[in-house]
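Top to bottom, those sequences are chains A and B.
Per the numbering used here, the first sequence starts with residue 15, numbered consecutively.
Per the numbering used here, the second sequence starts with residue 25, numbered consecutively.
Yeah, the Cβ is synthetic: ideal placement off N, Cα and C, and Gly gets one too.
Nothing here was measured: the structure is a model prediction, and the numbers come from that model.
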Amino acid sequence: MSNSSQTSGATFKGYRRANGTIGVRNHVLVLPSVMCANHVVDLIGRKVPDVVTVNHPTGCAQVGTDFEQTKRTMAGFAANPNVGAVLVVGLGCETNESKALAAEIAARGQRVEVIGIQECGGTTETIARGIALARSLLDEVAAHERTDCPVSALVVGTECGGSDGFSGITANPALGFASDRVVAEGGTVILAELPELVGAEHLLAARASEPVAAKLYELIDRVEARARAMHVDIRFGNPTQGNMAGGLTTIEEKSLGAAYKGGSSELREVVEYAERPSERGLVVMDTPGQDIEQLTGMVAGGAQVVVFTTGRGTPTGCPIAPVIKVATNTSMFERMRENMDINAGAILDGTRTLEQVGDEIFGWIVEAANGREPAAETLGFHDFAINRIGPSF
Amino acid sequence: MTGRFLASHMPLSDDGAALRLKDDDDVAVALRPLAPNDVVRFGTLAITLADSIPSGHKFATRPIAAGALIHKYGQMIGRASASIDTGRHVHVHNVEGVRGRGDLAESPA
């Protein structure tokens, strides 16, 4: 069964998509191409509660790389293999033209329908057509079945939010242990939140080829250049007040703890926000540390499962991907039990080893891929935000 | 708490109340709330705390001169903005970041 001592040949039951990707959920997503369609999308979702809807404040009067990034994020999110089919709802006069967005989603091999509010002749008719299309897409995806898939098909996003002085001691090193196991299985791990790699980038660069290291340094410099252009100390906003109350003093200290999440394997690639990795193994994605924009970017880049460590207690979840919560300390784990899945505080308590918690995280990743719902999914968390890199015009 | 190490690479204090991420770090991390005059021992190194140290926060394991770089995980985490005696709380009141300091960038002429 296994080809090497590190590979268990673990499998999960996933959805094999026509484009060769493998999903761990089978959602129908109703996506507004522009904020002007948010309300119609909500009303379709109320009538057809089995679909997943998102809202966002973007899609119009955007230019250049900012617009490209917004469109890439929407297309990538819609084409995530956890989504079986997509309904795009547009207005009709937006920058992010709904038919062009649908064409981009279709080009990625995703099943997609598109309607426009102006073309339908108003809100009520758009909702009626939207409800009919949503029901028919739900019928289509209901025919998809789970089959055995290798863990090597997984792209696992890693994230830390509401970090504290224990993040870099318990939960992040334990997640790093699990990341190494995913990579050993031939899977992909995304390490992101670039501002939270400032001060730790040399450790990653030492595990990368020269061009990959150069790209990493370029992206880190972009973060610091933004701080110089604004004449601000990053510490004004990151670490946050809550991070500081938890014992983190500087961005360097936060970063050194955060970098543990990626494990110890070679850094294979550095990708832009919401860009799909072309390599397997450990990949860095350029996202901000802001939790929801990071989560959306990684899932738009193809992550089917996310592991999220937290010290202060962060409940966030993604509408289309399971987000597994790992507490850094037992006191928060017990206080926010309903929001947490794994307690890495057990490492400090001396009741479990780092490796045991790492194995538990890896096991949870495979179970979540099989359909087990982590707390954020059961609670219905629905967070979605696209990282803007330019102003609205 | 058993043994002297957490996760096989992080040295614990003798009573498990604190740990250093690397042996030669300038700071150690309190694993539970610690009080002034508590004594934390790492083998032959005995540190008498001069401040209350909340759980997850840092204290100095040796004197740190104002302006000196401070190390945790064996890596640089910032610079002392004041001189820090052994056993003092090490945090935002006496440490500044070195990286991401756009506030120190020169304004265009």
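Integer-rounded CB distance, given that residue j should sit under 8 Å from residue i
i                     : j                     : result
residue 258 (chain A) : residue 116 (chain B) : 6 Å
residue 413 (chain A) : residue 380 (chain A) : No information on residue 413 (chain A) is available, as it lies outside the stretch 15 to 407 that chain A covers here.
residue 52 (chain B)  : residue 82 (chain B)  : 7 Å
residue 318 (chain A) : residue 95 (chain A)  : 6 Å
residue 180 (chain A) : residue 325 (chain A) : 6 Å
residue 9 (chain A)   : residue 342 (chain A) : Since the first and last residues shown for chain A are 15 and 407, residue 9 (chain A) lies out of range.
residue 362 (chain A) : residue 45 (chain B)  : That pair is no contact at about 13 Å.
residue 63 (chain B)  : residue 70 (chain B)  : 6 Å
residue 48 (chain A)  : residue 73 (chain A)  : 3 Å
residue 268 (chain A) : residue 145 (chain A) : Wrong, their Cβ atoms sit about 46 Å apart, outside the cutoff.
residue 375 (chain A) : residue 337 (chain A) : Not quite, the Cβ-Cβ distance comes to about 13 Å (not below 8 Å), so this is no contact.
residue 298 (chain A) : residue 171 (chain A) : About 12 Å; that fails the 8 Å criterion.
residue 400 (chain A) : residue 87 (chain A)  : 5 Å
Partner residues on chain B for residue i, Cβ-Cβ distance less than 8 Å
i                     : result
residue 270 (chain A) : 96, 97, 99, 101
residue 198 (chain A) : Near residue 198 (chain A) there are no residues of chain B at all, since even the closest Cβ is about 19 Å away, more than 8 Å.
residue 248 (chain A) : 121, 123, 124, 125, 126
residue 212 (chain A) : 123, 124
Proximal chain B residues relative to residue i, where beta-carbon distance stays under 7 Å
i                     : result
residue 35 (chain A)  : None at all; the shortest Cβ gap to chain B is about 35 Å.
residue 258 (chain A) : 116
residue 266 (chain A) : 100, 101, 102, 121, 122, 123
residue 180 (chain A) : 80
residue 344 (chain A) : Going along chain B, no residue has its Cβ under 7 Å from residue 344 (chain A), so there is no contact; the nearest lies around 11 Å.
residue 276 (chain A) : Here the premise fails: no neighbours, minimum Cβ distance about 15 Å.
residue 330 (chain A) : The contacting residues do not exist; residue 330 (chain A) stays about 21 Å from chain B at best.
Partners in chain A for residue i, counting only beta-carbon separations shorter than 9 Å
i                     : result
residue 111 (chain B) : Within 9 Å Cβ-Cβ: nothing; residue 111 (chain B) doesn't reach chain A, min ~16 Å.
Amino acids of chain B, ordered along the chain, whose beta-carbon sits closer than 9 Å to that of residue i
i                     : result
residue 183 (chain A) : 30, 31, 34, 43, 45, 53, 55, 80
residue 161 (chain A) : Here the premise fails: no neighbours, minimum Cβ distance about 38 Å.
residue 175 (chain A) : Per Cβ cutoff of 9 Å: no residues; residue 175 (chain A) is ~16 Å from chain B at best.
residue 172 (chain A) : Simply none; closest approach about 18 Å.
Residues that residue i contacts on chain A, provided the C-beta gap is smaller than 8 Å
i                    : result
residue 70 (chain B) : Per Cβ cutoff of 8 Å: no residues; residue 70 (chain B) is ~23 Å from chain A at best.
Closer than 7 Å at the beta carbon, the chain A residues around residue i
i                     : result
residue 129 (chain B) : 242, 245
Short CB-CB distance (under 9 Å) between residue i and chain D
i                     : result
residue 217 (chain A) : The structure shown contains no chain D; its protein chains are A and B.
Proximity test, residue i beta-carbon vs the ligand MN heavy atom, cut-off 8 Å
i                     : result
residue 121 (chain B) : By its list of ligands, the structure shown contains no ligand whatsoever, and the ligand MN lies outside what it can speak to.
What beta strand (DSSP E) runs, 3 residues minimum, are completely inside the stretch 261-346 of chain A? 281-285, 295-299, 319-324, 337-341
Taking 8 Å as the cut-off, does the stretch 169-189 of chain A touch the stretch 222-229 of chain A (at least 3 CB pairs, one atom from each stretch)? Look at the beta carbons and you see the stretch 222-229 of chain A not touching the stretch 169-189 of chain A: under three pairs across the two are nearer than 8 Å.
Start-end ranges of the alpha helix (DSSP H) lying completely within the stretch 17-105 of chain A, minimum 4 residues: 52-61, 78-93
Quick check on the DSSP output: what are the complete alpha helix (DSSP H) runs of length 4 or more inside the stretch 196-261 of chain A, in order along the chain? 215-219, 224-244, 255-259
Taking beta-carbon pairs under 8 Å, can you tell me which members of the stretch 78-108 of chain B lie near chain A? For the stretch 78-108 of chain B, which is checked against every Cβ of chain A, the residues closer than 8 Å are 78, 79, 80, 81, 82, 96, 97, 99, 100, 101, 102.
Using a Cβ cut-off of 7 Å, which residues of the stretch 51-68 of chain B contact any Cβ in chain A, in chain order? 53, 55
Touch check for the stretch 160-167 of chain A and the stretch 30-42 of chain A: three-plus C-beta pairs under 8 Å? yes
Under 8 Å, with one C-beta from each stretch per pair, do the stretch 320-331 of chain A and the stretch 234-245 of chain A reach the 3-pair mark? no
So within the stretch 77-125 of chain B, which uninterrupted beta strand (DSSP E) runs reach at least 3 residues, ignoring any that extend past its ends? If we require 3 residues or more, the beta strand (DSSP E) runs fully inside the stretch 77-125 of chain B come out as 82-84, 93-96, 99-104.
Taking Cβ-Cβ distances below 8 Å as the criterion, which residues of the stretch 222-248 of chain A are in contact with chain B? 237, 238, 240, 241, 242, 243, 244, 245, 246, 247, 248
Is the stretch 81-96 of chain B touching the stretch 196-205 of chain A in the sense that three or more CB pairs, one from each, lie closer than 8 Å? With fewer than three CB-CB distances shorter than 8 Å, the stretch 196-205 of chain A does not count as touching the stretch 81-96 of chain B.
Touch check for the stretch 98-105 of chain B and the stretch 256-275 of chain A: three-plus C-beta pairs under 8 Å? yes
Please go through the stretch 113-159 of chain A and give each complete beta strand (DSSP E) segment of 3 or more residues, from N-terminal end onward. Whole beta strand (DSSP E) segments, 3+ residues: 126-130.
Could you list the residues in the stretch 127-149 of chain A with a C-beta less than 8 Å from some C-beta on chain B, going in chain order? Residues: none.
If you pair each beta-carbon of the stretch 77-84 of chain A with each one of the stretch 34-53 of chain A, do three or more pairs fall below 8 Å? no
Against chain B, which members of the stretch 302-326 of chain A pass a CB distance test of less than 8 Å? 325
Determine, using beta-carbon pairs with one atom in the stretch 344-351 of chain A and one in the stretch 282-293 of chain A, whether at least three such pairs fall under 8 Å. no
Along the stretch 75-100 of chain A, what residues have a CB closer than 8 Å to any CB found in chain B? Residues: none.
Check whether the stretch 122-132 of chain A touches the stretch 86-102 of chain A, counting contact only when three or more Cβ pairs, one atom from each stretch, lie closer than 8 Å. yes
Listed from N- to C-terminal order along the chain, which residues in the stretch 51-74 of chain A have their beta-carbon within a distance smaller than 9 Å of any beta-carbon of chain B? none
Take every Cβ of the stretch 207-219 of chain A, pair it with every Cβ of the stretch 295-310 of chain A, and state whether three or more of those distances are shorter than 8 Å. yes
Enumerate, from N- to C-terminal direction, the unbroken beta strand (DSSP E) stretches of 3 or more residues contained entirely within the stretch 336-407 of chain A. 337-341
Note down, in chain order, all residues in the stretch 366-396 of chain A with a beta-carbon under 9 Å from any beta-carbon belonging to chain B. 367, 368, 369
Examine the Cβ distances between the stretch 127-140 of chain A and the stretch 98-109 of chain A and report whether three or more of them are shorter than 8 Å. The stretch 127-140 of chain A vs the stretch 98-109 of chain A: in contact.
Could you run through the stretch 349-360 of chain A and flag, in chain order, every residue whose CB is less than 8 Å away from some CB of chain B? none
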